[in-house]
Each structure stands twice: as C-alpha cells, then as structure tokens.
Amino acid sequence: MLNRLRQMLIKEFLQVFRDKRALWVLVGPPMIQMLIFGYAASYEIRHVPTAVLDLDHSQESRELIAHFSATPYFDVRSQLTDREQIREMIDRGQVTVALEIHPGFAALLRKGQTAPLQVVVDGTNSNTALIALGYVNQIAQGFASDYQRDAMLRSSPFLTARLPAVELEQRPWFNPNLDSRWFFVPGVIGSLLQVMVIVLTAFAVVREREIGTLEQIMVTPIRPREFILGKTVPFFLIGLFDAGMIGLVGTLWFHVPFRGSLAVLALGMVLFLLCMLGIGLLISTVSATQQQAMVTGFFFIMPAITFSGFGFPIASMPRSVQWLTYLDPLRYLLIVLRGTYLKGIGLGVLWPQMAAMAVLGSLLLTISVLRFRKSLD
Amino acid sequence: MSWHRLAAIARKELIQIWRDSRSLGIVLVMPLAMMLLFGYGVNLDIKHIPVCVFDREGSQQSQDLLKRFQSSEYFDVVRVVDSYPALVRAIDSDRARVGLVIAHDFSERLRTGETASVQAIVDATDDNTANLAIGYTQSVVSGFSEQVQVDWLRQQGRPQPNPPIAVDARTWFNEDLESKAFIVPGVLALVMSVIGAFLTSLTIAREWERGTMEQLISTPVTPLEIMLGKLAPYFVIGMLNTALCAAVGIWWFEVPFRGSLMTLFASSALFMMAVLGLGFFISVIGKSQLAASQMALVATFLPAFLLSGFLFSIDQMPAVIRAITHVIPARYFVTILKSVFLKGSGLALLEGELLALALFAVALTLTATHSFKKKLG
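So the protein lines, in turn, are chains A and B. Count along the first sequence from 1, then add 1; that gives the number in this note's numbering. Count along the second sequence from 1, then add 163; that gives the number in this note's numbering.
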C-alpha cells in the first residue's frame, strides 16, 4: 500500500509542479491578497477630513478647534465662512465631519451657561461616522472639563482643589495601538488557507473526472483509500506551506507579533485542514465539471468567510445567524490564530475550538469519503 | 455584422446557462444570497458588550458606577469575579470583552477630593470593536464623574454648574448610523463583478478548453459577433440582477433610495460593460478555467471588495494603495451607488465618476476585442 501511495503522491506533485500557471496560483494570489489586505483592510479612523465654520472668532472657539486639530483623529482642512459651504462639502464627500460654532459661543461660556457645538457627520459610512462621533464627544468633553476647572480655579481655588473626579484608565490588551493590521493579518492566513485548499482539492479531483483519467486510475491496483490520500496529502502539505509563507509575511513585513506556541497553532491548522479537505472532496463529488466545482466552492467560501468573524463581529449578527456560525470551521481557526498570535494563549483556553474542529473534520471527512467511494462505483 | 448571427450566438449562450444548473444558480440565487449574507451578516456596530467586573471595594459608589454600565444598552455585565486572575481568564477565553477593575480605595479617594480611577481592560484583538467599546466606556465613566461632582458641589452649598458645552450632532444621509444602509448599496457592485467577470471568464474559458471555440470560429460568424453575442446575455442578466438587488435593498432592508433611477441604471450599464470586457479579456489570456476564474476573482471581486470603499474607507489607506484605487472601476461605481441611495446626489455631482466609468467601459471593451481578434488571427 505504501508503495502505491508513494507513486500516487509522486504523480500528484509532478502534476502540480509541471504546470507553471498552477504554480503561480499557489504563490501569486495568496501573496497579493495578503499584501492588499494588510494595507487596505483597516477600520482605523485617523485624519478624518474636517471642515470648521467658526462664526464666533473668539479665543475660546479657536482653543476648541485647536483641541480637535491636536489629535491624530481630525484633519482640519478648511475654514468655512458660510453655512451653505458645509452642505456642499459634505455632499461632494470632501469632508466627513463639519464643526459649527455659533456667534456668542464664548459669551455663553463666560456666563457659565451651556454653549452649543454643532456637529454634522456624513453617515454614509456608518462605522467611520460612529467612531468619529465618539471622538468628537471625547474631545468636547475634555475641553469642557478643562474649561470648568479653570473657571472654578479662578473663583474658588480652595474648593476646586478638593473636587472629586473619576477618570478612565484604558488598557487595550493584546493590541495596544488598536492596529487593524494585527486584527486582519491572522484572519487572512485562515481565509486564504480555506480558499486554497478547498479550490485545489476540488479541482484536482474533478479534473481527473472531466478528462476521464479517473477511470484509468480506477483500473490500476490503486484502491480508493489510496487515491483519496494521494489526492489530499499534497494539498495538505501545500496548504501548510502557504500558511507558513503568509505567516512569515505577516511577522516579518507587517510586524504582527506572535506570542503563543507554534505547536498549538500547528495543531489548529492541521485540524482545520482536515475539515477543508473534507469539504473539497465533498464538492468534488457533487461536481461533474471544473466550472461547477468552482461555483460550488464559491458558494461555500463566501458565507464561510462572512460568518467566521473574519471582519465582522459575530456578536452583532442576528441570533439565528450566530448559531449558524458554529458550523463554520473557519470560526474556530480564527480564534486559534488570533489567540496564538495576539493573546498568547494555549490549549488550556483553546481546547473547545480544537475539539470542535476535530469533530467537524472527522464528520466531513467521513461523509465525503463515503460519498466519494459511491461516486466511483 | 449581422444581427441574425449575433442573436443566434446570444441564444446559444442563454440556452447553455439555462441548462447548466450551477450557472443558473449563480445567476438566480447568488445575487439574493449575497444581499442576505451582507445585509444580515455585516454589522460593525456593537451592543451588549460582555463585561466582567472585579470590584475590589464593593462600596455604594462603586455599585452606583456599575449600575450605570448595567443600564446602558451597550454593556452586559456577564460576570462578577473576586480575583484578578479570574478576570484575566474571562478575557482570555472571550467570555468578556471588557474587564472593569475598581480599586479598593475608590470611594475613599472620592471623599478626600482626589481623582479615583477605574481601570478598563479591553480585549483589543478586534481593534474596531475595542475602539467602540472604549468610547462607550469613556462616556459612561465621564457621566458618572459629572454626577459625583454635581453631588459634591451641592453638599458644599454651591450652585449646580451648567455643563459648558453641549454637542449637538446631526448625522446626515444615514441618520441612525445603520451598518446595512452603508453595506447594502455596495453589494450591487460585488454581485455585478461576480456575474460579469467570474461567470463570463469561466464559460468562455470552457469553450477554449473544450475546443468548441474553434468550431464556432469555423462558422461564418465574425469574431466581433461572437464576442457581442456571448456577452449580450450576461449584460441582460447583470442588469436584471441589479434591479433585483436594488429592489431587495429598498423593500426588504429598507435602505433609503433618494437619487434617480436613471443615474442608477446608466452607471450600472457602464460598470457592467467594464466588468464584462475585463472578464472576456481574462478568458482570452487565461488558458484554463482554473487560471481564468482565479484571475477573474483577483482582478474584479477582490478589488470590488477591498479597494472600492465598499467596506474600508479609501481615505484611511496608505498613499500607494489610494493611488491604485483610481484604476479600479468598482471604486467609482461604489461612490455612485452610495450617493444615489443615501445622498440623493444628482448627475451634476457625479459627473467625474460617470466619466471614469465610461472610459473604463470603452477601454476594456476595446482591449477585449483586440486581444480576441489577435488570438484568432
């Protein structure tokens, strides 16, 4: 058996490596995707283009604006003179945030009354708007409490010294600079692994079926078990190689830290690859042509990535969809990837994910092997 | 060019799509599936963030602060622990996203007029959620701090001060900052990319691979007729799908539609021509179905997803990537879609984008025709 398996493996590897274009498929798209994702995928909000309409021209209003431009979040690009300009700039998408300070702003402040700060936000991108609004509130609050303290200090210094306050000491763990790249890079490793292995496995089997060489193999002494192993082992290895390659790019190029143990990550990847090989084989059993395999693969991969927590929090999905995500192997791998990369946690915490992938993997492989044998008969 | 022959080719292509269950699946099911997938699966805002509390003091005042967290719709206090390692465990295992630590001298410091701090440990693996969580935590804590100060001043027999600034925020175009209003219009661009490039590149590469293209060429049909005849059905299907998706977006997801239908259809037609041209070009230069479909995905779907402003704002990308987005047709189309749906901008504001789309449509169609003739010649 081992000898036949070896021959089968040699044939598979030769097939992969002789096809220059297929080789490119193994290395090119993953690298391009990794680079584009690394640079383009980001929820970070910095330098939001901002316009200011200051109708008060007081020291206070200028100080408030300075509070905004001092942060990296807002980029005060234009000083407006007229309210109509706000509408125009936001309509054209030239600015996302506009601040409007009414005449009499400083006078109200000095009298100890509440002065309004009008903010217009372009809500087209709801996420940017939400985060920008949060920053606006924080900055305005910071200005307000500074101002109040100064005013009290002038009128009753003794009392002010005893004014209690509560402040928030924020500790973002695992990703102290809230860098989107640290979030996306481990995720890209998982989703690329999924795409590569499913597509390649399904294609490899279906191509033999389509060209008719599957029949030829079946008349040789090679048994179905050996055929399946011979078809899946190369892609398993190629998958691991790709994972390692993209992982290196993440660490060396994008400087994403790796804090956990490689052994834990490797175990997670092996279990995940078993699931993917199962799905790839399953797709090959329901597809007669490569086109069908590609389309079926696409139909599986799209939702599997969307529901995995790759870019969109599972906690914000509707309840019923959240239950569905438990069937998605990528969901578990992403927890393992982020856990080992960023959190540095081990099996003590990650065992439920490993167990889930092991169960899903053995189920998928069993079903697909049974179906595959049947499709040979 | 003969209309008769062109119609015959188009009819053949249509029958081919119709008879292949999976192509039909892409055409009929995929647009709806993608709409539902992104409409329900993508929500970047977060509510009910699980919070773990470690209250080292257990005083009236610390309880008052925690009550504020409990009553906020953004937080759910899921667990109260009595040791620091237990808090770390809760965060490591994803059971809590935010860990609040209240120091043992919290109320003591408030009584003596010092600043008491509350530590918020935030799981920043997902930087966007962490950012929102920090913003919400900040606003709960500053609300509490204000209350403490007001109470204290009242005890001292001082008048209650007015808050110096009131932020009056207006969100335009997407008043409730709903993720789906931001996501759903862009899904149209994704659907059209898949129909246009992915499906065409597959079906046309298949003709090359099977040799049926040679048969077609040996008939009196001219190359231009072949190309137009093959693309016409996809154009019609793509436009019908756009209408279907727009209808689902407007009536099912209740995304506002404020612009003109004319602008929507003119821009869709231009974009469709651009992606069809690209898909055809890819099928000519890519020899196998595997290579063609991979290239189509990398060349259309990925940019439409990542570089178009569909999800990630272009403002925030590094300069090099921002420059690249200018040669991505989907970028202009997504801008138009979001404007037409949410902003209701007319033709005048979108001239530049429409012109760019028209240029792409012409250039890509010409390139496709040229490369096709060359390959035949």
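Here a beta-carbon is modelled for each residue, glycine too, at the ideal position from N, C-alpha and C.
Helix, strand or coil for residue i per DSSP?
| i | result |
| --- | --- |
| S225 (chain B) | helix |
| R320 (chain A) | helix |
| Q95 (chain A) | coil |
| F416 (chain B) | coil |
| A289 (chain A) | coil |
| V214 (chain B) | strand |
| L118 (chain A) | strand |
| S79 (chain A) | strand |
| L340 (chain B) | coil |
| E236 (chain B) | coil |
| I102 (chain A) | strand |
| V241 (chain B) | strand |
| D255 (chain B) | helix |
| D151 (chain A) | helix |
| D478 (chain B) | helix |
Could you please give the first and the last residue of the uninterrupted beta strand (DSSP E) stretch that includes residue i?
| i | result |
| --- | --- |
| I336 (chain A) | Run containing I336 (chain A): none in the beta strand (DSSP E); it sits in the alpha helix (DSSP H), 330 to 339. |
| T334 (chain B) | 328 to 335 |
| A279 (chain B) | 278 to 286 |
| R172 (chain A) | 166 to 174 |
| A52 (chain A) | 49 to 55 |
| V261 (chain B) | 261 to 265 |
Can you give the beta carbon distance from residue i to residue j, rounded, assuming they're within the 8 Å contact cut?
| i | j | result |
| --- | --- | --- |
| K232 (chain A) | T252 (chain A) | So it is not a contact: roughly 31 Å between Cβ atoms. |
| V121 (chain A) | A99 (chain A) | 4 Å |
| L433 (chain B) | P304 (chain A) | Their Cβ separation, rounded to whole angstroms, is 30 Å, which puts L433 (chain B) and P304 (chain A) out of contact at 8 Å. |
| P327 (chain B) | Y148 (chain A) | 5 Å |
| S165 (chain B) | E388 (chain B) | 7 Å |
| V347 (chain B) | G412 (chain B) | 4 Å |
| R231 (chain B) | V311 (chain B) | About 11 Å; that fails the 8 Å criterion. |
| M425 (chain B) | G401 (chain B) | About 18 Å; that fails the 8 Å criterion. |
Straight-line CA distance for residue i to residue j?
| i | j | result |
| --- | --- | --- |
| D123 (chain A) | F398 (chain B) | 34 Å |
| A279 (chain B) | S305 (chain B) | 12 Å |
| V85 (chain A) | A462 (chain B) | According to the sequence shown, residue 85 (chain A) is Glu rather than Val. If I take the Cα positions, the gap works out to 41 Å. |
| V447 (chain B) | L512 (chain B) | 37 Å |
| I491 (chain B) | P194 (chain B) | 21 Å |
| V313 (chain B) | F217 (chain B) | 26 Å |
| A264 (chain A) | L191 (chain B) | 45 Å |
| L439 (chain B) | R373 (chain B) | 21 Å |
| V370 (chain A) | R485 (chain B) | 47 Å |
| L325 (chain A) | L335 (chain A) | 16 Å |
| H167 (chain B) | Q378 (chain B) | 18 Å |
| E61 (chain A) | V241 (chain B) | 43 Å |
| V198 (chain A) | S317 (chain A) | 29 Å |
| Q34 (chain A) | G276 (chain B) | 55 Å |
| Q139 (chain A) | S146 (chain A) | 11 Å |
| I306 (chain A) | G472 (chain B) | 19 Å |
| P187 (chain A) | L338 (chain A) | 6 Å |
| F336 (chain B) | V497 (chain B) | 16 Å |
| M32 (chain A) | C215 (chain B) | 39 Å |
| D243 (chain A) | L278 (chain A) | 15 Å |
| T363 (chain B) | F443 (chain B) | 6 Å |
| S431 (chain B) | T405 (chain B) | 8 Å |
Given that a residue counts as buried once 16 or more other Cβ atoms are within 10 Å of its Cβ, and exposed if not, what is residue i?
| i | result |
| --- | --- |
| S414 (chain A) | Residue 414 (chain A) cannot be examined here, being either before or after the span of chain A that is shown, 2 to 378. |
| A356 (chain A) | exposed |
| I178 (chain B) | exposed |
| W352 (chain A) | exposed |
| G515 (chain B) | exposed |
| Y247 (chain B) | exposed |
| E417 (chain B) | exposed |
| T375 (chain B) | exposed |
| L295 (chain B) | buried |
| S157 (chain A) | exposed |
Going by DSSP, what residue range makes up the alpha helix (DSSP H) through residue i?
| i | result |
| --- | --- |
| D243 (chain A) | 225 to 249 |
| Q195 (chain A) | 181 to 212 |
| I380 (chain B) | 375 to 381 |
| S270 (chain B) | 269 to 274 |
| Q312 (chain B) | 290 to 318 |
| A360 (chain B) | Element bounds for A360 (chain B): n/a, residue is neither H nor E. |
| W181 (chain B) | 166 to 182 |
| A404 (chain B) | The question names Ala, but residue 404 (chain B) is Asn in the sequence shown. Per DSSP, N404 (chain B) belongs to the alpha helix (DSSP H) from 386 to 410. |
| R494 (chain B) | 492 to 501 |
| I445 (chain B) | 424 to 448 |
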